[in-house]
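Residue numbers (our numbering), protein chains in the order written: chain A, 1106 to 1396; chain B, 2 to 497.
No residue lacks a Cβ here, since even glycine has one placed at the ideal position from N, Cα and C.
Notes for the one structure printed next.
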């Protein structure tokens, strides 16, 4: 409110405000518009009372409705769980082969398996099963313990070289240190191993390693280096290395002298149920290398 | 606006009084004068527009079994928009942009020629308000009766008349909400579901929302929408020029205005107007105005160009035997000429502004027509897998994973052949399809669907020249022979 003054040019009243001789004309806002503004303020006050709003000295005002975003999330998770339960019980009762044949179950298993994989497996095997040094790539066509659906399920269920009684077990002996293999023998053996995948740079030295390989390595790794999934012995002829380095020869020698054996936990022991492990097996199988 | 302010001042003529920054809403009581050529035009336009609104969803269009049979349908859950033979997918929403550009340019064009005829005749706010005012007048009588009755205490008569108005308003509002939701679902089944309580909460919600809008906006807010909410009145002056035909009051002829004393009959009375203006200050133009303004104050933002004051003034001019057109559709350029006593024969319609608008409308229309006529019947999207980017396989081979999506935009099975270019000896394996290591794969996509395929492409390391090779996926429609080429990459290890 201000003193009324009429502008002689426009015939309109001014608001009484003046800046350097320039006066503001009063173009009144409709009153209902202002009332709507007041209503929004009242609404905000009501909202503050009903819902969590203000910080207090030892917490916050929880609101008289008792609404909490966490409770809501918990409810939504429960709903999602019961929605998934239908599929999970079907997966529980079906064989892996039947799951892959049923388009709905397959889609569910792939999507569910993917999220379980990212949560539990990707830490070591990488997103999409890309693998890392010492952690096998799950998307290629080489498998240490078998790439069929059932093999994958067994590996996930019991793990590798852990304390579970059903865990897959094997150990590569150490061959270096002069007894029984000298450094020169190690060198020629490594060169021979490289030659199996046509990566050797010195065929003459590689040839010297052939009898050593036949005697000491072929029982597990196979005569042509094709590997054995029964004992988790990698195929050496594939050109795919679990322990891949800048100098692959040095990596091979190191492995023969001081063998490393990766450990994978048993995921039943880690709390995954049978249906979840099945979805994981289906997902891993689908990454591109499944047999 | 200034007329409203004057009304404010009248309440308290003391110059030293306090001025309120807020104006009390004074209800406009438009006098519904059901005669005159613009009134007839308004009825015609209203009838046609309302008929289009309510009839359109019922037009059927055969798209084959299982497909939507509504000619114009916005299928939001199905992600499709249908317009007769045209079917728009979400990624083609630029057609909507084109339509909106044409609509905006048409509005500019019409405004430059004829002022705010959109507001005055075709805007839904005007159409519904006009209908609601007519109902109000039908039940509660003309302007003076309505003002008297509103000030009078409640009586049975007042209650009955007011109820009649409200019932009719509510019925029309509900019909409006119903008509609106019909554009988003199959009209006959949706109507049945709405009536039997079977429709979704969304359908009821939107129907309620679009029933509340006309009830509040056309029943109560009325001119407030045009004056305070609609941005168009604020930039109308930028749309007009001196040649635009707008509702104009011939001040040079009408002023000084004055009330007519004594009976005036026929042409003989012309002498009465010697030495004074032709405006008899009957205020008919103010009474019929749906926004409650006085056009005699000149062009103003609250004028929606409905020309009802032209009809009103003409009827008065006829009665007092003066020439029509004291208020008329005229350009300010012509008005200046007339004021000087020149004879104005025609208005300049072709101006750089109108020519430019028309040229732009034609251009956008042509581009849209061209792109619609050459619209693809299918398209492909290819996503390269991000993890792993590539996989080394035994035997010195590299494999890359892709997700291929084929958009089959016709109502029949799509048959496509996929081949590769750019990487020698590259072969494909598709998950779920028979055969491995193929150089060409045939794929089928269901009618009107997106077919998704997981694709593995394998190539010998010797085919790669760097860690990123160009790979082109070539998709041929086996029915039409049309080809879509999709450039992508084939990743591999760093080569020494």
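Closest by C-alpha distance to residue i, when choosing among the options
| i | options | result |
| --- | --- | --- |
| residue 1229 (chain A) | A:1289, A:1191, A:1361, A:1370 | A:1370 |
| residue 1378 (chain A) | A:1179, A:1203, A:1262 | A:1262 |
| residue 313 (chain B) | B:32, B:99, B:260, B:223 | B:32 |
| residue 159 (chain B) | B:137, B:175, B:442 | B:137 |
| residue 1342 (chain A) | A:1225, A:1293, A:1154, A:1247 | A:1247 |
| residue 293 (chain B) | B:325, B:233, B:227 | B:227 |
| residue 179 (chain B) | B:167, B:296, B:193 | B:193 |
| residue 291 (chain B) | B:387, B:304, B:50, B:279 | B:304 |
| residue 393 (chain B) | B:493, B:454, B:370 | B:493 |
| residue 1309 (chain A) | A:1296, A:1321, A:1212 | A:1296 |
| residue 349 (chain B) | B:487, B:246, B:408 | B:246 |
| residue 22 (chain B) | A:1119, A:1126, A:1360 | A:1119 |
| residue 42 (chain B) | B:426, B:307, B:373, B:381 | B:307 |
| residue 324 (chain B) | B:332, B:295, B:147, B:278 | B:278 |
| residue 1169 (chain A) | A:1304, A:1154, A:1181 | A:1154 |
| residue 425 (chain B) | B:75, B:399, B:436 | B:399 |
| residue 378 (chain B) | B:412, B:359, B:438, B:363 | B:412 |
| residue 1352 (chain A) | A:1306, A:1223, A:1200, A:1244 | A:1306 |
| residue 450 (chain B) | B:91, B:387, B:469 | B:91 |
Cross-chain neighbours of residue i in chain A, by beta carbon under 9 Å
| i | result |
| --- | --- |
| residue 229 (chain B) | 1134, 1135, 1138 |
| residue 432 (chain B) | 1391, 1393 |
Bounding residues of the beta strand (DSSP E) (the contiguous stretch that carries residue i)
| i | result |
| --- | --- |
| residue 347 (chain B) | No beta strand (DSSP E) contains residue 347 (chain B), which DSSP labels as neither H nor E. |
| residue 1261 (chain A) | Counting along the chain, residue 1261 (chain A) falls outside any beta strand (DSSP E), though it belongs to the alpha helix (DSSP H) covering 1254-1263. |
| residue 422 (chain B) | 415-422 |
| residue 442 (chain B) | 441-446 |
| residue 107 (chain B) | No beta strand (DSSP E) contains residue 107 (chain B), which is instead part of the alpha helix (DSSP H) from 95-115. |
| residue 1248 (chain A) | Looking at the DSSP string, residue 1248 (chain A) is not in any beta strand (DSSP E), and its letter there is neither H nor E. |
| residue 249 (chain B) | 247-250 |
| residue 431 (chain B) | 428-431 |
| residue 30 (chain B) | Neither: residue 30 (chain B) is in no beta strand (DSSP E) and is coded neither H nor E. |
| residue 1152 (chain A) | Not the beta strand (DSSP E): residue 1152 (chain A) falls in the alpha helix (DSSP H), residues 1136-1155. |
| residue 331 (chain B) | 328-331 |
Partners in chain A for residue i, counting only beta-carbon separations shorter than 8 Å
| i | result |
| --- | --- |
| residue 388 (chain B) | 1231, 1232, 1233, 1235 |
Identified DSSP bridge partners for residue i
| i | result |
| --- | --- |
| residue 461 (chain B) | B:398 |
| residue 486 (chain B) | B:475 |
| residue 380 (chain B) | B:408 |
| residue 492 (chain B) | B:469 |
| residue 1130 (chain A) | A:1119 |
| residue 451 (chain B) | B:408 |
| residue 1333 (chain A) | A:1338 |
| residue 1240 (chain A) | A:1237 |
| residue 73 (chain B) | B:84 |
| residue 1124 (chain A) | A:1127 |
Proximal residues of chain A, C-beta to C-beta of residue i below 7 Å
| i | result |
| --- | --- |
| residue 400 (chain B) | 1393 |
Residue i - containing alpha helix (DSSP H), residue span
| i | result |
| --- | --- |
| residue 1387 (chain A) | 1379-1390 |
| residue 1183 (chain A) | 1174-1198 |
| residue 1214 (chain A) | 1208-1225 |
| residue 147 (chain B) | 144-152 |
| residue 81 (chain B) | Per DSSP, residue 81 (chain B) belongs to no alpha helix (DSSP H); it is in the beta strand (DSSP E), 81-84. |
| residue 177 (chain B) | 157-182 |
| residue 312 (chain B) | 309-321 |
| residue 212 (chain B) | 202-217 |
| residue 1326 (chain A) | 1323-1326 |
| residue 40 (chain B) | 38-56 |
Residues that residue i contacts on chain B, provided the C-beta gap is smaller than 9 Å
| i | result |
| --- | --- |
| residue 1345 (chain A) | 393, 394, 395 |
Interface partners of residue i on chain B, CB under 7 Å
| i | result |
| --- | --- |
| residue 1244 (chain A) | 389, 392 |
### Task
Residues of the region 1246-1259 of chain A with a CB closer than 8 Å to any CB of chain B: list them in chain order, please.
Per Cβ criterion, the list reads 1246, 1247.
### Query
In the region 65-82 of chain B, which residues sit with their C-beta less than 7 Å from some C-beta in chain A, listed in chain order?
Residues passing the 7 Å Cβ filter: none.
### Contact set between the region 452-468 of chain B and chain A, restricted to residues whose Cβ is under 9 Å from the partner
Those would be 455, 457, in chain order.
### Message
Under 8 Å, CB to CB, which of the residues in the region 201-226 of chain B have a partner in chain A?
### Response
Cβ contacts with chain A come from 225.
#### Entry: Under 9 Å (Cβ pairs) to chain B, residues found in the region 1113-1131 of chain A
Listed by position, the residues of the region 1113-1131 of chain A near chain B (Cβ gap below 9 Å) are 1115, 1116, 1117, 1118, 1119, 1120, 1121, 1131.
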